[in-house]
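J.: Below is the structure I would like to discuss, written out as structure tokens.
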Amino acid sequence: MKKAVKRIIDIINDIAEHQVGVYAASGAFFMFLSLVPISVLLASILPYTPLSEANLLEYLSAVMPESMHQLITDIIEDIYGSTLTTLSLSILLTLWSASKAFMGLMKGINVIYDSELPKNYFKVRARSGISILMLLLITVVSLVLIVFEHKISAAVLENWPELSLLYNFLHNFRFLLVILLLAFLFLLMYKWMPVKKVRLAAQIPGALIASVLWMFLSWAFSFYVREISSFDTYGSLAAIIIAMMWLFYCMYIILIGAYVNTHLIKDRRKTAEKK
Numbered sequence: 002m003k004k005a006v007k008r009i010i011d012i013i014n015d016i017a018e019h020q021v022g023v024y025a026a027s028g029a030f031f032m033f034l035s036l037v038p039i040s041v042l043l044a045s046i047l048p049y050t051p052l053s054e055a056n057l058l059e060y061l062s063a064v065m066p067e068s069m070h071q072l073i074t075d076i077i078e079d080i081y082g083s084t085l086t087t088l089s090l091s092i093l094l095t096l097w098s099a100s101k102a103f104m105g106l107m108k109g110i111n112v113i114y115d116s117e118l119p120k121n122y123f124k125v126r127a128r129s130g131i132s133i134l135m136l137l138l139i140t141v142v143s144l145v146l147i148v149f150e151h152k153i154s155a156a157v158l159e160n161w162p163e164l165s166l167l168y169n170f171l172h173n174f175r176f177l178l179v180i181l182l183l184a185f186l187f188l189l190m191y192k193w194m195p196v197k198k199v200r201l202a203a204q205i206p207g208a209l210i211a212s213v214l215w216m217f218l219s220w221a222f223s224f225y226v227r228e229i230s231s232f233d234t235y236g237s238l239a240a241i242i243i244a245m246m247w248l249f250y251c252m253y254i255i256l257i258g259a260y261v262n263t264h265l266i267k268d269r270r271k272t273a274e275k276k
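Numbering of the sequence shown is given in my numbering, commencing with residue 2 and proceeding in unit increments.
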């Protein structure tokens, strides 16, 4: 117990020392600016897949607080009929603006992992753009899996009926699948974003903790806005304020997960050296 408390205190001290809030704020600001181009891109791609507008809304509502649902719904409904020209422009706009958000996140993660970003600005920007493309690809694939869940599960159970108990459990606790999906996304981020090489397996603890904290944050934010806060005072600005605050804490959570990974890696090294 004392060891766990000490580790938490060490992580908090490191967060304060490295000014993680600055990187989280930078990432949140540019990610907010990227909401529209990202939504345009997704909405333009989805018509070429078996997915519908409702599928996208269902997926996003699972990982965002209720107070942001209307904002996201309005954006998607306004741009879902985008043309192919809009798709091409939105790809460029998304990669440019969203990669700026990932640059802030990458800087923070590389500070945490004690590695330096390349001095070449375009290399860093390209790396951020690739991260965005990976994120969008995984999002679309996840949506496909959600839509065809019943067909996929029927085929799996037909060939492996012994998995029926596991399927029933996951079906009744679908939020666990959302947590696992988020953990997978964070796992890729912690593996890809640090410039220096890191073991994939060593990133699992931080990815799991970050995904659980993300879901808790969304629930807590929804509860706070619904039951406690007085955001109605701000009128139409309320959704923007809520979105900025939520994105800031989400960026913070991702960086906390990175700290968990680095501290566990350091502990394992110390243990190995003692032996």
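Note that beta-carbon positions come from the ideal geometry of N, C-alpha and C, so glycine has one too.
Helix, strand or coil for Tyr260, going by three-state DSSP, please let me know.
T.: In this structure, Tyr260 counts as helix in the three-state DSSP scheme.
J.: Is the beta carbon of Ile255 closer than 9 Å to that of Leu106?
T.: Going by C-beta atoms, Leu106 is nearer than 9 Å to Ile255.
J.: For Phe123, count neighbouring C-beta atoms within 10 Å of its own C-beta (all shown protein chains included) and say buried if the count is 16 or more, exposed if not.
T.: Burial call: exposed.
J.: Could you give the C-beta distance for Ile266 and Ala202, rounded to a whole number, given that I count them as a contact under 8 Å?
T.: Incorrect: roughly 11 Å between the Cβ atoms, too far for contact.
J.: Counting C-beta neighbours from all protein chains within 10 Å, is the total for Lys101 16 or more, i.e. buried, or is it exposed?
T.: Classification of Lys101: buried, given that the 10 Å Cβ count is 16 or more.
J.: Grouping DSSP H, G and I as helix and E and B as strand, with all else coil, what is Lys120?
T.: Here Lys120 sits in coil by DSSP.
J.: Report the three-state DSSP secondary structure of Pro206 (helix, strand or coil).
T.: Here Pro206 sits in helix by DSSP.
J.: Taking the beta carbon of Val261 as the centre, do at least 16 other beta carbons fall within 10 Å, making it buried, or is it exposed?
T.: That one is buried.
J.: Could you pull the start and end residues of the alpha helix (DSSP H) that Val21 belongs to?
T.: Its alpha helix (DSSP H) spans residues Val21 to Leu34.
J.: Assign Asn169 to one of two classes, buried (16 or more other C-beta atoms within 10 Å of its C-beta) or exposed (fewer than that).
T.: That one is exposed.
J.: Check Met107 in the structure and name its three-state DSSP category.
T.: The answer is helix: DSSP assigns Met107 an H, G or I state.
J.: Is the distance from the Cβ of Met245 to the Cβ of Phe31 below 9 Å?
T.: No. Outside cutoff.
J.: Do Ala113 and Ala259 have their C-beta atoms closer together than 9 Å?
T.: A small correction: the amino acid at residue 113 is Ile; Ala does not occupy that position in the sequence shown. A contact, by the Cβ cut-off of 9 Å.
J.: Check Lys271 in the structure and name its three-state DSSP category.
T.: Lys271: helix per DSSP, three-state reduction.
J.: Using the beta-carbon count (16 or more within 10 Å), is Ile10 buried or exposed?
T.: Exposed: under 16 other Cβ atoms inside 10 Å.
J.: With burial defined as no fewer than 16 other Cβ atoms inside 10 Å of the residue's Cβ, what is the status of Thr272: buried or exposed?
T.: Counting Cβ neighbours within 10 Å, Thr272 comes out exposed, since fewer than 16 surround it.
J.: Pull up the distance between the alpha-carbon of Asp75 and that of Glu163, whole angstroms please.
T.: So the alpha carbons of these two residues sit roughly 44 Å apart.
J.: Please list, in chain order, all residues of the same chain as Lys108 whose beta carbon is under 7 Å from its beta carbon, the five residues on each side excluded.
T.: Around Lys108: Tyr24 and Leu118.
J.: Between the C-alpha atoms of Ser219 and Cys251, what's the straight-line distance to the nearest angstrom?
T.: Taking the straight line joining both Cα atoms gives about 9 Å.
J.: Report the residue from Trp161, Ile131, Asn121 and Val21 whose alpha carbon sits nearest the alpha carbon of Met194.
T.: The candidate whose alpha carbon is nearest that of Met194 is Ile131.
J.: Taking DSSP as the reference, what is the three-state secondary structure of Tyr191?
T.: The answer is helix: DSSP assigns Tyr191 an H, G or I state.
J.: Drop a sphere of 10 angstroms on the beta-carbon of Leu248, count the other beta-carbons inside from all chains shown, and report buried for 16 or more, exposed for fewer.
T.: Its Cβ being crowded by 16 or more others within 10 Å, Leu248 is buried.
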